[in-house]
Structure formats: C-alpha cells, structure tokens
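So the sequence shown is numbered by the working numbering: it starts at 62 and just counts up by one.
Cβ coordinates follow ideal geometry from the N, Cα and C atoms, glycine included.
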Amino acid sequence: QQQQQQQQQQQKKGIDEVLIYCVNDGAVMDAWAKDQGVDGSMVTFLADTRCELTKALDMSLTHPGVMAVLGNLRCKRFALLVVDGTVEAVEVSEGPDDPTGGGDELLMKSCAENMMKHVK
C-alpha cells in the first residue's frame with residue numbers, strides 16, 4: 062500500500078522509472094524483486110554481475126574493512142536522479158568511519174524520500 066502511494070507521488074512529479082541495481086547475479090535480483098512485489102510497477106531490479114556500471118559510476122566500495130569481510134568488489138549505497146540522460150543529483154550513503162552507510166542518517170541520504178527533494 063505504502064509502496065503504491067509512493068509510486069503515485071513519484072509519477073505525479075514526472076518520474077517514469079526507478080531502477081535498482083546491485084552487484085549480484087540476475088537470479089538473485091529476480092528473487093529480490095519478487096520478494097518486494099514490484100512486478101508490474103515502475104520499479105525494475107537489475108544485476109551488475111561484473112561491476113561494470115559500478116566502476117563506470119566510480120561507486121566501488123573498496124574500504125579495506127569491507128573488502129576483508131566480503132572479499133569481492135561491492136557497490137556503495139547511492140542514488141542518482143537522471144533526467145533525459147543527464148545526472149542531476151547524486152546522494153551516497155557513506156561516512157568516513159562507516160563506508161557502508163549503516164547509520165540511519167547516512168542510509169536516508171540515498172532513500173526515495175530524500176531523492177524526491179531533488180525533483181523539480
């Protein structure tokens with residue numbers, strides 16, 4: 062219900078699509094999308110299996126502590142507002158001592174509610 066209301070508000074402001082991607086494989090992303098119930102909505106889940114988009118956007122999570130635990134390259138938590146192919150806003154959920162954005166205040170930076178502040 063809340064998700065549908067958010068999407069309606071986003072559409073009223075001219076947002077056509079919300080893309081969510083993760084450094085993962087397609088099967089995992091499909092399962093996550095199914096779990097989140099986004100089928101038929103404006104939300105699309107995508108996989109960045111080889112970190113190509115992550116690297117192109119310079120959003121690689123390379124903090125030594127994270128790499129020691131996870132082993133392989135991951136992506137920072139971030140959000141982009143893209144209008145007609147132009148990036149108009151970038152928000153990254155990270156801090157100097159928290160590269161994964163684990164604190165509530167840091168996590169909110171890349172959430173939909175915060176990104177809506179950038180929509181004109």
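So does the stretch 166-176 actually touch the stretch 145-156, counting three or more Cβ pairs closer than 8 Å?
Between the stretch 166-176 and the stretch 145-156, the count of C-beta pairs closer than 8 Å reaches three or more; the two stretches touch.
For residue 109, is the classification buried or exposed, using 16 other Cβ atoms within 10 angstroms of its Cβ as the cut-off for buried?
For this step, residue 109 is matched to residue 48 along the sequence shown. Its Cβ being crowded by 16 or more others within 10 Å, residue 109 is buried.
Decide if the stretch 95-109 is in contact with the stretch 70-82; the criterion is three or more beta carbon pairs, one per stretch, under 8 Å apart.
With a cut-off of 8 Å on Cβ pairs, the stretch 95-109 is in contact with the stretch 70-82, counting three or more such pairs.
CB of residue 142 within 8 Å of CB of residue 180, strictly
Looking up residue 142 in the sequence shown gives position 81. Looking up residue 180 in the sequence shown gives position 119. The answer is yes: Cβ separation under 8 Å.
Find out if the Cβ-Cβ distance for the pair residue 134, residue 121 is shorter than 8 Å.
Numbered from 1 along the sequence shown, position 73 holds the residue referred to as residue 134. Numbered from 1 along the sequence shown, position 60 holds the residue referred to as residue 121. Cβ distance < 8 Å, so residue 134 and residue 121 count as in contact.
On the three-state DSSP scale, how would you describe residue 115?
Sequence index remark: in the sequence shown, residue 115 carries index 54 (1-based). Helix, per DSSP.
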